[in-house]
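Those sequence lines, one after another, are chains A and B. If you read the first sequence in the working numbering, its first letter stands for residue 82, the second for the next number, and so on. If you read the second sequence in the working numbering, its first letter stands for residue 82, the second for the next number, and so on.
Number of protein chains: 2
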Amino acid sequence: MSVFDEELHKLKDKLLKMGALVEDAIRNSIHALVKRDNELAGRVIETDRIINMLDVEIDEDSIRLIALKQPMAVDLRFITTAMKITTDLERMGDLAVNIAERAIELNEEPILKPYIDIPKMRELAQGMTRDALDAFVRKDKKLAMDVIMRDDEVDDLKHEVLRELAFFMAQDPTTVSRAMKISFVTQYLERIADHATNIAEMVIYLAEGKMIRHAVPHHEA
Amino acid sequence: MSVFDEELHKLKDKLLKMGALVEDAIRNSIHALVKRDNELAGRVIETDRIINMLDVEIDEDSIRLIALKQPMAVDLRFITTAMKITTDLERMGDLAVNIAERAIELNEEPILKPYIDIPKMRELAQGMTRDALDAFVRKDKKLAMDVIMRDDEVDDLKHEVLRELAFFMAQDPTTVSRAMKISFVTQYLERIADHATNIAEMVIYLAEGKMIRHAVPHHEA
């Protein structure tokens, strides 16, 4: 393996490490909500620092790699895409922090109803995150396309949850504050899935040079 | 001016052009809401294509510039930051589209109440966008810092709007569906301001190599 390949390999490893931390943060933030576990929510907020550090590190490593090794176009594209992906991952970490913050607030009030669709959304969003990163490091177009397809399921679940919350609020005004916070959580999860979709679109663009990146507009709410 | 400087200049111009279109989209999406103007909302949705095209173009121009000119570290950092900024701008354009979509839905129902704080949020978010980009092309650290400071005002206004919407929903169940849509609009605006803040943080990082990028966590809701 050349020195350059070795450095590129290290970059991929660091990106996957960052991705694994983001996955943990997504899982733990929703567990903190469902199990009403403030300690776990606190841990999500705490761990975000490490995610942020990795974002900066990967940026620095990438710049250094480009400046010193002057990679060919295909490698250059891979590295600049990695730099964009870390930005997405960092924001996903922030969204997990937002979920953890809402969980702590919701834990101060009686439970509104058992969470059913939100854990499903979490599982989908987390799987999309993992697969989008795998698709990137393995340059797997098919897997990236599969991630993009799953985004609709997340949106459908979100609509389901929002409909239900609207019903609660219309029936009983005392539920409004809690229902709004839960609606924010569903939107954070939707945005996490959107970031995973963005990563998957970049993977396809990288592989094909095609404008899939903007072929499908991101509809929300 | 060297050929490289000329190319860099063109890149900045294209980025500013993209920024101006995003600013228009933000302004028009909220005008469409406030003035109940479906035609204007449609135009925001339509124009997003051009924003998306510019995103891809700037990426391509940047890659080409790095590959052919092998710029020095300081210029390399500037160009890779431009590539990250276009990603933010593209997402801001998507958020303006989301606002336009909610505006069209809200226009089908009677008006809930006159919009007062949302136009203020719009003005702030739009000004932050313009100044963040100006700060980038002029490498103006002070202006970037000023953008970051303004993010709190946007959050305060959002809380104000959400409090008011919660009050409406608790008083009158028939307002729930409209109030939820308006709450989404405030969140889209908040995210637009977050993107502007992210850009400003990157400008400071570029100027100082300091980790301001993650010094202030992005609290939401």
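Ideal Cβ positions, reconstructed from N, Cα and C, are used throughout, including at glycine.
Taking 7 Å as the cut-off between beta carbons, the residues of the region 268-281 of chain A near chain B are 268, in sequence order.
Contacts between residue 147(B) and chain A, judged by CB atoms closer than 7 Å, involve 147 and 157 in chain order. Taking a beta-carbon distance threshold of 9 Å, residue 125(B) does not count as an interface residue toward chain A.
A residue is called buried when at least 16 other Cβ atoms come within 10 angstroms of its Cβ; residue 83(B) does not meet this threshold and is exposed.
For residue 258(A), the residues of chain B that pass the 8 Å Cβ criterion are 247, in the order they occur in the chain.
Excluding the 5 residues flanking it on each side, residue 109(A) has same chain C-beta neighbours closer than 7 Å at 121, 124 and 125, in chain order. Taking a beta-carbon distance threshold of 9 Å, residue 165(A) counts as an interface residue toward chain B. A residue is called buried once 16 or more other Cβ atoms fall within 10 Å of its Cβ, and residue 197(A), having fewer, is exposed.
Chain A has a Cβ within less than 9 Å of the Cβ of residue 137(B).
Annotated three-state conformation of residue 234(A) is helix, per DSSP. Contact between residue 260(B) and residue 193(B) is confirmed by a C-beta separation of about 7 Å, below the 8 Å threshold. Between the region 158-167 of chain A and the region 252-266 of chain A, the count of Cβ pairs shorter than 8 Å is below three; the stretches do not touch. Along the region 87-151 of chain A, the alpha helix (DSSP H) occurs as fully enclosed runs of 4 or more residues at 119-150, listed in sequence order.
Each of 184(B), 182(B), 213(B) and 195(B) was checked against the Cα of residue 97(B), and the nearest Cα belongs to 213(B). C-alpha of residue 169(A) to C-alpha of residue 276(B): approximately 12 Å in a straight line. Contact between residue 220(A) and residue 288(A) holds: their C-beta atoms lie close to 6 Å from each other, under 8 Å.
Contact check for residue 206(B) and residue 274(B): beta-carbon distance about 4 Å, within the 8 Å limit, so the pair qualifies. DSSP, reduced to helix, strand and coil, places residue 229(B) within a helical segment of the structure shown. For residue 254(B), the nearest CB of chain A lies under 9 Å from its own CB, placing it at the interface with that chain. Listed along chain A are 261 and 264, each with a C-beta nearer than 8 Å to that of residue 264(B). In this structure, the CA atom of residue 264(A) is about 16 Å from the CA atom of residue 190(A). Residues are counted here when their Cβ sits less than 7 Å from a Cβ of chain A; for the region 198-225 of chain B the count is zero. For the pair of segments examined, the region 134-142 of chain A was found to touch the region 167-181 of chain A: the number of CB pairs separated by less than 8 Å reaches three. At a cut-off of 9 Å, the C-beta of residue 140(B) has a neighbouring C-beta in chain A. Against chain A, a Cβ distance below 7 Å from residue 161(B) picks out 144, 161 and 164.
Non-local beta-carbon contacts of residue 129(B) in its own chain, meaning distances under 8 Å to residues more than five positions away in sequence, involve 106, 174, 175, 177 and 178 in chain order.
In the three-state reduction of the DSSP assignment, residue 279(B) falls in the helix class, which pools H, G and I.
Put simply, of 251(A), 245(A) and 244(A) the residue whose alpha carbon is nearest the alpha carbon of residue 247(B) is 251(A). For the set 142(B), 104(B) and 249(B), the Cα lying nearest the Cα of residue 85(B) is the one of 142(B).
Where residue 205(A) is concerned, the enclosing alpha helix (DSSP H) starts and stops at 198-219.
Rounded to whole angstroms, the separation of the alpha carbons of residue 211(A) and residue 87(A) is 23 Å.
Chain B has a Cβ within less than 9 Å of the Cβ of residue 243(A).
The beta carbon of residue 251(B) falls within 9 Å of a beta carbon belonging to chain A, placing the residue at that interface.
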